[in-house]
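Novice: All you need for this note's numbering is the position in the sequence shown, starting with 1, plus 142.
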Amino acid sequence: MYLRPKTLHDAVSVLASSGGKILAGGTDFYPALGERLPQGDVVDITDIREIRGISLEAEHVRIGGLTTWTEIVRAPLPRCFDALKAAARERGSVQIQNRGTVAGNLCNASPAADGVPPLLVLEAEVELISPSGERRMPLGEFITGNRKTLRRADEILAAVLVPRHMEDAASAFLKLGARRYLVISISMVAVVLRIDKSMTVTEARVAVGSCSAAARRLVELEKDLVGHAADSQLGATVRAEQLALLSPIDDVRATADYRRDASLTLVRRALEACVGRA
Ligand SMILES: Cc1cc2nc3c(=O)[nH]c(=O)nc-3n(C[C@H](O)[C@H](O)[C@H](O)COP(=O)(O)OP(=O)(O)OC[C@H]3O[C@@H](n4cnc5c(N)ncnc54)[C@H](O)[C@@H]3O)c2cc1C
Numbered sequence: 143m144y145l146r147p148k149t150l151h152d153a154v155s156v157l158a159s160s161g162g163k164i165l166a167g168g169t170d171f172y173p174a175l176g177e178r179l180p181q182g183d184v185v186d187i188t189d190i191r192e193i194r195g196i197s198l199e200a201e202h203v204r205i206g207g208l209t210t211w212t213e214i215v216r217a218p219l220p221r222c223f224d225a226l227k228a229a230a231r232e233r234g235s236v237q238i239q240n241r242g243t244v245a246g247n248l249c250n251a252s253p254a255a256d257g258v259p260p261l262l263v264l265e266a267e268v269e270l271i272s273p274s275g276e277r278r279m280p281l282g283e284f285i286t287g288n289r290k291t292l293r294r295a296d297e298i299l300a301a302v303l304v305p306r307h308m309e310d311a312a313s314a315f316l317k318l319g320a321r322r323y324l325v326i327s328i329s330m331v332a333v334v335l336r337i338d339k340s341m342t343v344t345e346a347r348v349a350v351g352s353c354s355a356a357a358r359r360l361v362e363l364e365k366d367l368v369g370h371a372a373d374s375q376l377g378a379t380v381r382a383e384q385l386a387l388l389s390p391i392d393d394v395r396a397t398a399d400y401r402r403d404a405s406l407t408l409v410r411r412a413l414e415a416c417v418g419r420a
């Protein structure tokens, strides 16, 4: 059965009673089916206005789960969101950006999901709603592996919450694919960098996607960057060993060695881009 609830409350109960599958923009849902038809009930959540759009709260920027990538591109957001906006602009085509949602990208949990590294460096949390209530958890805990999340079958990802204390930090997102557009990432990197008046790095967050089962923060590198001069040499300070916790694979898009090498270059360039924007 095809079900199309109008409110979050109805969607939560329809999902629980039907045991159906959630459909948002459908840009991952349908390709995953291939030639097959959906099995079981489909709960189309695209009419639920409460979980669409972006709002500023005292402590967080709230991004509704149904917010599309086009809406991210168009929203006036603090500059620490530049990386997320770049990831939105670089995904798929304009048609995909118009349909694809933030929650769909996170719940599908592809290792190559471009939305994940920029949200990891923003230390985003996800808000999940079910008949038993609401729970929140850091995005880094929510995605546990290749297409694996902690979402229970009766939960709807209602919002992504980004803490506001890094709003003034510079950020950058760089993606490498086999061509410029409409391409799955070989590697992608997001950086948020806080730089003080004396041009010294005071806080650094770096995440790499497509090079492990789920995108990873490079926490050791982040610690090492603090205290460095934020100048044109910052990227050159990054060494291959600082990316050692990545575990890229060989596949049709690239070899593991190429992914490691490309990631190092992307990390260096993303740091330099942040310095240029400070
Ligand atoms: C041609 C093409 C190009 C693409 N290019 C890119 C790209 O460059 N980068 C990239 O990262 N992705 C890309 N994608 C993938 C896709 O567009 C994104 O991942 C998109 O954000 C998915 O959102 P959606 O709303 O379409 O999700 P859907 O397809 O509707 O759903 C995806 C999964 O998430 C679940 N789900 C959806 N919403 C919720 C929710 N609120 N709560 C709980 N579960 C939910 C669904 O049940 C399903 O399992 C591309 C896809 C296509 C077809």
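We treat Cβ as the ideally placed atom computed from N, Cα and C, and that holds for glycine.
1) Is it right to say Asn247 is buried, meaning 16 or more other beta carbons lie within 10 angstroms of its own, or is it exposed?
2) Quick check on the DSSP output: what are the complete beta strand (DSSP E) runs of length 3 or more inside the region 326-399, in order along the chain?
3) With DSSP run on the structure shown, which of helix, strand or coil describes Asp183?
4) Measure how close the beta-carbons of Ser405 and Val350 come, nearest whole angstrom, since I'm counting them as under 8 Å.
5) Bridge partners of Phe315, per DSSP?
6) From Val156 to Leu145, what does the alpha carbon distance come to, in whole angstroms?
7) With C-beta atoms as the reference, is Ile271 less than 8 Å away from Ala356?
8) Cα-Cα, which of Ala251, Arg231, Thr149 and Glu269 is closest to His202?
9) Once DSSP output is grouped into helix, strand and coil, what is the label at Tyr172?
10) I'd like to confirm something about Gly161: is its beta-carbon nearer than 7 Å to some heavy atom of ligand 1, or not?
11) Which residues does DSSP list as the beta-bridge partners of Ala301?
12) Helix, strand or coil, according to DSSP, for Pro148 in the structure here?
13) Strictly by DSSP, which residues pair up with Pro280?
14) Rank Arg204, Glu309 and Leu179 by C-alpha distance to the C-alpha of Val244 and give the top, closest one.
15) On the CB-based measure, 16 or more other CB atoms within 10 Å of its CB, does Arg381 come out buried or exposed?
16) Provide the residue span of the alpha helix (DSSP H) that contains Thr212, from first to last.
17) What three-state label does DSSP hand Ser197 in the structure shown?
Specialist: So, from the data block:
1) For Asn247, the number of other beta carbons within 10 angstroms of its own is at least 16, and it is reported as buried.
2) Qualifying beta strand (DSSP E) stretches, in chain order: 329-337 and 343-351.
3) Three-state DSSP puts Asp183 in coil, outside helix and strand.
4) Confirmed, Cβ separation roughly 5 Å.
5) Answer by DSSP bridge pairing, in chain order: Ala332.
6) Taking the straight line from one Cα to the other gives about 8 Å.
7) Contact: no.
8) His202 has its Cα closest to that of Glu269, out of Ala251, Arg231, Thr149 and Glu269.
9) If DSSP states are grouped into helix, strand and coil, Tyr172 belongs with the helices.
10) Between ligand 1 and Gly161, a heavy atom-to-CB distance of less than 7 Å is absent.
11) According to DSSP, which records beta bridges pairwise, Ala301 is partnered with Gly206 and Glu269.
12) The amino acid occupying residue 148 in the given sequence is Lys; Pro does not appear at that position. Collapsing the DSSP output to three states places Lys148 in coil.
13) Pro280 pairs with Glu267.
14) Between Val244 and the set Arg204, Glu309 and Leu179, the nearest pair of CA atoms involves Arg204.
15) Flag for Arg381 reads exposed.
16) Residues Trp211 to Arg216.
17) Correct three-state label for Ser197: strand.
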